[in-house]
Structures are given as C-alpha cells and as structure tokens.
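Everything on this sheet refers to the single structure shown next.
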Amino acid sequence: MQNDIRDSVTSLAQSHTTIMAGKSVSFLPSSTPFSYAVLGLSAFLGIPYSFDLEQTDGLVLTVDGVSTSNAADALHQLADNVGRAGDSETSTRFHEIATSLPTKTAFAELSPIIDTIDDHLAYRTFIIGHALTAADWAVWGALRASIQAVGVLKRGAHPHVQRWMSYIESLTSTQQALAALTEVKSKKGQGSKAAASFSLGLPDAVKGQVITRFPPEPSGYLHIGHAKAAILNQYFARMYEGKLIVRFDDTNPSKERSEFQETILEDLKLLGIEPDILTHTSDYFDKLYEYGVQMIKSGKAYADDTGVEQMREERTNGIASKHRDDPVEENLKRFEEMKSGSTEGARWCIRAKISVDDPNKALRDPVIYRCNTTPHHITGDKWKIYPTYDFACPIVDSIEGVTHALRTNEYRDRNPQYAWMIEALGLRKVIVWDFSRINFIYTLLSKRKLHWFVDEKLVSGWDDPRFPTVRGIRRRGMTVEALRQFMLAQGPSQAQLMLEWDTFWALNKKVIDPVAPRHWAIAKEGMVTATINSAVEEVKEVPLHKKNPDVGNKKTVYSKNVIMEKEDADSFEDKEEITLMDWGNAILKSKSDGALEFDLHLEGDFKKTKKKVTWLALPTPNQALVHATLLDYDYLITKKKLDEGDNVEDFVTPVTEFRTECWADANVLNLKKGDIMQFERKGYYIVDGVYDDPESQVSGAKRMEFVKIPDGRAAGLASKAGPEAADASAKPKKDKTSGGNFGKPVRGQGGTSSGTASSAPKLTQGASKGHPEGTKVYLSEGKTGYEIPITTKMYSVDKVGGEVSVSPEADTKMYAVKSVYDMS
Numbered sequence: 003m004q005n006d007i008r009d010s011v012t013s014l015a016q017s018h019t020t021i022m023a024g025k026s027v028s029f030l031p032s033s034t035p036f037s038y039a040v041l042g043l044s045a046f047l048g049i050p051y052s053f054d055l056e057q058t059d060g061l062v063l064t065v066d067g068v069s070t071s072n073a074a075d076a077l078h079q080l081a082d083n084v085g086r087a088g089d090s091e092t093s094t095r096f097h098e099i100a101t102s103l104p105t106k107t108a109f110a111e112l113s114p115i116i117d118t119i120d121d122h123l124a125y126r127t128f129i130i131g132h133a134l135t136a137a138d139w140a141v142w143g144a145l146r147a148s149i150q151a152v153g154v155l156k157r158g159a160h161p162h163v164q165r166w167m168s169y170i171e172s173l174t175s176t177q178q179a180l181a182a183l184t185e186v187k188s189k190k191g192q193g194s195k196a197a198a199s200f201s202l203g204l205p206d207a208v209k210g211q212v213i214t215r216f217p218p219e220p221s222g223y224l225h226i227g228h229a230k231a232a233i234l235n236q237y238f239a240r241m242y243e244g245k246l247i248v249r250f251d252d253t254n255p256s257k258e259r260s261e262f263q264e265t266i267l268e269d270l271k272l273l274g275i276e277p278d279i280l281t282h283t284s285d286y287f288d289k290l291y292e293y294g295v296q297m298i299k300s301g302k303a304y305a306d307d308t309g310v311e312q313m314r315e316e317r318t319n320g321i322a323s324k325h326r327d328d329p330v331e332e333n334l335k336r337f338e339e340m341k342s343g344s345t346e347g348a349r350w351c352i353r354a355k356i357s358v359d360d361p362n363k364a365l366r367d368p369v370i371y372r373c374n375t376t377p378h379h380i381t382g383d384k385w386k387i388y389p390t391y392d393f394a395c396p397i398v399d400s401i402e403g404v405t406h407a408l409r410t411n412e413y414r415d416r417n418p419q420y421a422w423m424i425e426a427l428g429l430r431k432v433i434v435w436d437f438s439r440i441n442f443i444y445t446l447l448s449k450r451k452l453h454w455f456v457d458e459k460l461v462s463g464w465d466d467p468r469f470p471t472v473r474g475i476r477r478r479g480m481t482v483e484a485l486r487q488f489m490l491a492q493g494p495s496q497a498q499l500m501l502e503w504d505t506f507w508a509l510n511k512k513v514i515d516p517v518a519p520r521h522w523a524i525a526k527e528g529m530v531t532a533t534i535n536s537a538v539e540e541v542k543e544v545p546l547h548k549k550n551p552d553v554g555n556k557k558t559v560y561s562k563n564v565i566m567e568k569e570d571a572d573s574f575e576d577k578e579e580i581t582l583m584d585w586g587n588a589i590l591k592s593k594s595d596g597a598l599e600f601d602l603h604l605e606g607d608f609k610k611t612k613k614k615v616t617w618l619a620l621p622t623p624n625q626a627l628v629h630a631t632l633l634d635y636d637y638l639i640t641k642k643k644l645d646e647g648d649n650v651e652d653f654v655t656p657v658t659e660f661r662t663e664c665w666a667d668a669n670v671l672n673l674k675k676g677d678i679m680q681f682e683r684k685g686y687y688i689v690d691g692v693y694d695d696p697e698s699q700v701s702g703a704k705r706m707e708f709v710k711i712p713d714g715r716a717a718g719l720a721s722k723a724g725p726e727a728a729d730a731s732a733k734p735k736k737d738k739t740s741g742g743n744f745g746k747p748v749r750g751q752g753g754t755s756s757g758t759a760s761s762a763p764k765l766t767q768g769a770s771k772g773h774p775e776g777t778k779v780y781l782s783e784g785k786t787g788y789e790i791p792i793t794t795k796m797y798s799v800d801k802v803g804g805e806v807s808v809s810p811e812a813d814t815k816m817y818a819v820k821s822v823y824d825m826s
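According to this note's numbering, the sequence shown is numbered sequentially starting from 3.
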C-alpha cells in the first residue's frame, strides 16, 4: 500500500508540474521561522525555487509577475491553484494549529497540540483524505521549524506523527529541497563557494516552442565553462519540450579546423548532449553578406581603414572615425573591394554606425565585417570577408528561430548591441538570458594559456587530468551526472565568483560512492611481510561493496603469508589485537624490521579493535598480484587567480604529478579504462589505462594506472606546492602571519611571517606559540595509527580541563567536588 501511495503522490506531483510552470519562489535561508511548508510544497509540485542570501523577506512567491511574501498566503495560493486545499473545515482547523505552533515554546503547551495531531493520524495516512494537501505541508513545516516540537517528538510518544513525518521526508522532492537548504546554509558567508540555486526558468517560455542554441567556436576543446553553457541550453530545451541547436561559430578561418568540430561533438556526447539540429554560421554567409549590404545602404554601417591602435584609441575617447559620414556609394564600393580579397580591400573593415560616445563602449561603432584570405575549412576560398561574432550571432539566432539566447554575463554590455543589430535589420526579436561565467581557483580557462601548457609539454595533451577541459575532468573521474547537477545548481546566478573545487568533487563523490566497487592496494615502498599463524589457504568470494550487493563479488585469496602497508605495521603495538579487513582479528605476536607475526583470532570482536587494516596475500606464480600505479595531481599554477598582466610562466607549479607504485588485488583486472572504483583507505580512482607488464615473469601479466578522484575534502584539494612555489605567487597587500589555508599552497609549520614582531597578532590566552600551527599531524586512532596532516590557521590552546580525563563516580554517575571547607 505504501508503494501505491508513493506512486500516486509522484504521479500527482508530475501532473502539476506544467500547471505551476509560471510560478517561482525564493527563500531567505536564515529567516526564522523558516517556511518549510512552502519549500516542501513547492518542491513537491515542481515549482522552481531558489535561495537568496540578500533578500529581506523570508520568502517571495511570484505568480505571473505578482509577488507575495506572506507564508500562509503563499501556501494557500499554491494549494488552491492545484486543487490541494482539502476539506475546508478540517483544513482550517489544522492550519490554525500550524499557525499556533511557532508561538508555543513550553513543553506543557506543545505536548497537547502534538497529542491532538497524533490522535488524528492514528487511523489516517494523511491529515485530509487519501493524498497530501496544504494542511499536511502546513503542519509538517510548523513542526520542523520548531526546535521545541522536534524535541517533544524525540521522546517517542507520538508514533503516528513520526510515521507521517517520516513519509513526507522520504519523498525525493523533500529530500532534495532540504539538502539544497542545508548546503546553502553551510555556504553562507563564503562568497567563493558554489551556492545552490534551483530557480531555473526562462521568461516568456512556451512549452513546445522553445529553441535554444549552443554556439562553440571550432578552435579548441570544450572546457568546463563551455560545459555549463551546453548543459543549460540542453536543460531548457528538454524542460520546455523544445529543440537544441548546436551551431559552430566558424567565422574566423585563421583559428578553426575541421578536427576541432569532431572533438567538440565527441565532448558533447561525453556530456550526454546530442543536438536536435546541427548548423554552422558559414551556412548563412551569403545571407549575412546581403544583410551587410543592407546595413550600408540604410546608412547604418560604413567602411573604415583606420589602423587597429588608432581605432581603439578613438573608440576609448569617443572620437568619430574620419570615414563615419562617407557616402553610401563609397562604402558599397569598398565593401565589394573587400569581398574580392584585393590588397586595397584588405585595408578596410565595415563598422556598424551606432554611436561614437555611448557610455557603453560596446556600442561605439563596432566592427561587423573584416578581411581574411585564409581558406575556410568548409567554404574554402569562396569568401575573403567574414562577419564578426557580434554581427553574425544575433542575425543567425533570429533566422534559425532561436527563442532564448543564453549568454554568460561577461557579454552583458553587448546585449544592447545584440538587440540593435536585430532591430536595425527588422528581424524577429530573441530573448537574451544571462548566467554567470564559471571560474575556479588555480584554474585557467584561456585557450591561449592552455595551449602554452600543451606546447611546453607540461601536460600530456588536452585530455590531461590536470586540465579543465571536458576530457580532462572526465579523465580525472568526474561523472556526467554530477557535472550536470553542479551546473544546474548554479542556476541563474549573476555573481562573478571564484569557486573552490570542494563542492564540485563532493557532489561527484555522492554519485560514485554507492556504486564504486572496493579493492585493495599496498604501496610497494617499505611494504612489510606478515605471517598469519593458523591461517587456512583458500579463496573466498566477498562483496565488492558491503552496502550494495548489486555491485557483485570479488575473489579474495587467504594465505599464511601476506603483505601490509609500512605505515600500518609501524603503528602496531606489542600484543595488540587488530582487524584484518574481510578476514577477522589477529594478535601481534612479534615485530621485527620488515616482518610481522600474528596469531589469528577469529573469535575476537572487530568492534573493539582500533585498527582495521588492508592486506594482500603474498603473490605466487599461481596467485599473482597486479602492478598498479596510483596517480595524483596538483594544480598547474600556484596562484588562485592570475591578475591581468601576470605572466603564467611565473606561476607554474614545479611538480604536478605524483606516482605511487603498488600491488593491487587481481580483481582489478576485471576493470576497464574509464571504470571508477575505490581502493579502500586510499580513495576513489578511475582506471586510466591497462598495459602489458614487461617486468612480470607471468605470461600475459598486466599493469594498470589509476588516477585519483578528488572527494571534496579540504586536505585532498589543497595545493601540494612547496613553500618556494607558494612564495613566488604570494603578493600580500598587508602584513599577515603565514599559515596553512585550504586552497593555498601549503606552508610548513612555523612558516615565515611577512610582518614584524610589532605587527604580530596578539596572542590568544593559552596559546602555546605566537603563530598559527600551520600543518598539524594527527593520528588516525587518537594516540596511535597512521598520520593525518591537517592544515590550519588556528592557534594551539591547551585544554582548560587539562590533559588527564576525570571520570564520574561509578555508583552515582556524578563528579566528586571537594568541599570548600576541606582544608586537607
């Protein structure tokens, strides 16, 4: 029955999605009490919602341009529009209960109210009828917003309310909405973090009639910035059951090649994007030429032979070109001369006659046609003149029926220019929808700079895992699903942010963790052999993923002789009982350099051991291990963001690839290139290659390479560059005490300070040193275990209660306090 209810609820929500298409709601995450009811119902009905840290009202519901900020009105308006208000008398009573809940803070006041709700739900699935109504969302939202009410429910005295709330919070829409809210709250005040926003909707969009376009230039590989544009365009085309055009903007033959077109289509396919229509701007060269002539004839364009530098200076200073008012006939002759490709024609360009001194410099007579005698990769040498992007894009958008042109807001100054071109030629108007360009710390998106890394052989190619290209991040282990979720979560944000990579990779971890098979690898350097007394030589099948049996099983070899990590072996204490993962407990009998001896103790309780370690059976000719190379990478540059004028060569990270040679269990041979898995206790990896192993004595042996996938944790994403590289890019504007900082090159503990003694920060009382700790090393098991370096700017402060713990009295469970009159 529960599944039937869930299916009917899901169907109901889907049926209302189109009804609610003209509505949206935004929330202030910090509002108290938060409008959980409106958020839950909005998500349930498929209404676009977003979170705005700067709005003043707790919520703003907008319906056909009319807004309301009253939570009760918003809830009723949403419910009425989809027929989910419920029986009026019962609905009114429970809405009154929901309204009163925030005003009750005492247990004596709250408990009777929740008793009433519990009694009502004793023989009902929902508050009214057989489906969720506004009353359910109102009461659920009020309970969830009340800390005191949550406390009452934790007592377990209201099973029917708890069952009902659990159902509502098990809905996918509710879980996604609450997760989005939690993430936004966690990012509050961190402007460089990615803020979730699901307010995705196009203005004046009509289902079945929306046409979007993605216009890449065939001059390189797609990078992560292009990916956002492509994903958003596809998202809206599918959302409104419209069409997506992929149009190659091939208006500059000097930079374009046909092979780049093929790689871009392959990159789009990697992203799961296939266009409904594939076109080229060059398909319209004849038509564009006609429009160029029309512009000149109507006095809206003219020919100019002003030099590049002088033209730039004149546009900057608002000075008209000497040719601006030349006769139309002269301009037409010059355009024809340009078209012929003659030496005389090459002197000229065509400029739109918009303005000389408009405050928006994009409107100061921009160039719309220029000469280029380089053969085009499609049209050959037919044309010697080519339209600029600013001229061609709006015209072709209009001709092809594009309804919504999505552009990054770096083009915002050009939006009036875009509109002017269409109006000047009397073409159909196109709606422009801006979104922010995506930027990440320590990351270059400039094709020119990326080319330099390729040319200097600092990377292996355009698909290098260190590159922000689609191929590079896919090779690093980013899934298409996570990439799409991340890009869509940015929504219509207009903020120009330098995003950090943590949210990006943490989202990817959520996608891969439930399905990534688990394997083991032991680092060769310093590895230790161990003898396991009483071990039975056998091969068993164990789950590849303990929490997901659908992933399958793997064969694990059990042997008397095994190998272990050096770090693990060094941490073992005499007679210590440890857990051998997927086997059982063992007690250390003896320990010497490079060798250990254990007594197997399968009766031991693994819950009581502090150390759970991986191991592999010592390889034999019949039971070989696989030579595996684990690859990890650093950022290509040592500075978070290169400023204008910075030379990229001055900020190159000296070492960006780190290789660890390991032995891996033979089950990894079932993996192929591109498969994602986890080496337990090491991290997530993607198979980068499978090769013949010439060093192995086993016929047909393979060696494999695995690229480490970042998991979003700060320690894994901090720059690995040393102090020298960090100092090269550090240009402090004021004195600061050095110390570790996530996202910056890690400085060693006790790093040098750029300030003087007099400018040092005042010591916190109890701090052991006058500097932050920098990189502090913790042990995984408290006082023992493997080392975990943590970078921090915090000061080390002694515990106020001392290092020795105090236990309560065994019988009273209370702490003994010495009497103030006790003089002993």
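Glycine included, each C-beta is placed from N, C-alpha and C at the ideal position.
Non-local beta-carbon contacts of Ser33 in its own chain, meaning distances under 6 Å to residues more than five positions away in sequence, involve Gly60 in chain order. Judged by DSSP in its simplified three-state form, Gln178 adopts helix. In this structure, DSSP gives Asn510 a helical state, which the three-state scheme calls helix. For Tyr371, the beta-bridge partners assigned by DSSP are Ile352 and Pro389. Per DSSP, the unbroken beta strand (DSSP E) holding Asn587 starts and ends at Gly586 to Ser594.
Minimum Cα-Cα distance from Asp278 among the listed residues Leu429, Thr214 and Tyr560 corresponds to Thr214. Distance between Glu339 and Lys302, taken at the CA atoms: about 19 Å. In the structure shown, Lys302 adopts coil according to DSSP, grouped into three states.
Annotation for His162: the continuous alpha helix (DSSP H) segment containing it runs Pro161 to Ser172.
The C-alpha of Arg366 lies about 31 Å from the C-alpha of Leu234. Counting along the chain, the unbroken beta strand (DSSP E) around Leu582 starts and ends at Glu579 to Leu582. Where Arg477 is concerned, the enclosing alpha helix (DSSP H) starts and stops at Val472 to Arg477. The DSSP-derived three-state label of Asn362 is coil. The residues Gly143, Arg146 and Ala147, in chain order, have a CB closer than 6 Å to that of Tyr38 in the same chain once the five nearest residues on each side in sequence are set aside. In this chain, Trp454 is not harboured by any beta strand (DSSP E); it is covered by the alpha helix (DSSP H) spanning Lys449 to Asp457. Exclusion of the five residues before and after Val553 leaves Pro519, Leu546 and His547 as the residues of its chain whose Cβ lies within less than 6 Å of its Cβ. Its chain contains Gly474 as the residues whose beta carbon lies nearer than 6 Å to that of Asp466, once the 5 sequence neighbours on both sides are disregarded; these appear in chain order. DSSP links Ser26 through a beta bridge to Thr64.
Within the same chain, no Cβ atom closer than 6 Å to the Cβ of Asn254 is found once the five residues on either side in sequence are excluded. A direct Cα-Cα distance of roughly 5 Å separates Phe393 from Ile370. When only Cα atoms are considered, Arg353 and Leu490 end up about 38 Å apart. Taken in chain order, the complete beta strand (DSSP E) segments of 3 or more residues contained in the stretch 486-567 are 523-525, 530-535, 540-545, 555-560 and 563-566. The beta-carbon separation of Ile49 and Asp206, rounded to 18 Å, does not stay under the 8 Å limit for a contact. For Val670, no alpha helix (DSSP H) run applies, since DSSP gives it neither H nor E. Distances from the CA of Tyr388 to each of Tyr420, Thr283 and Glu458 were compared; the closest alpha carbon is that of Thr283. Distance between Asp457 and Lys526, taken at the CA atoms: about 34 Å. With fewer than three CB-CB distances shorter than 8 Å, the stretch 589-602 does not count as touching the stretch 505-518. For Gln57, the three-state secondary structure derived from DSSP is coil. Leu644 and Asp636 have their C-alpha atoms spaced approximately 17 Å apart.
Bounds of the alpha helix (DSSP H) holding Met423 are Asn417 to Ala426. Look at the beta carbons and you see the stretch 521-536 touching the stretch 664-677: at least three pairs across the two are nearer than 8 Å. The residue from Glu659, Leu633 and Ala626 with its alpha-carbon nearest to that of Lys704 is Ala626. In the structure shown, Glu268 falls within a helical segment according to DSSP collapsed to helix, strand and coil. Secondary structure at Ile401: helix, using DSSP grouped into helix, strand and coil. Each residue's CA atom was taken as its position, placing Glu539 and Ser592 some 21 Å apart.
If the five residues before and after Ala484 are omitted, its C-beta is found closer than 7 Å to the C-beta atoms of Leu509, Asn510 and Val513, all from its own chain and listed in chain order.
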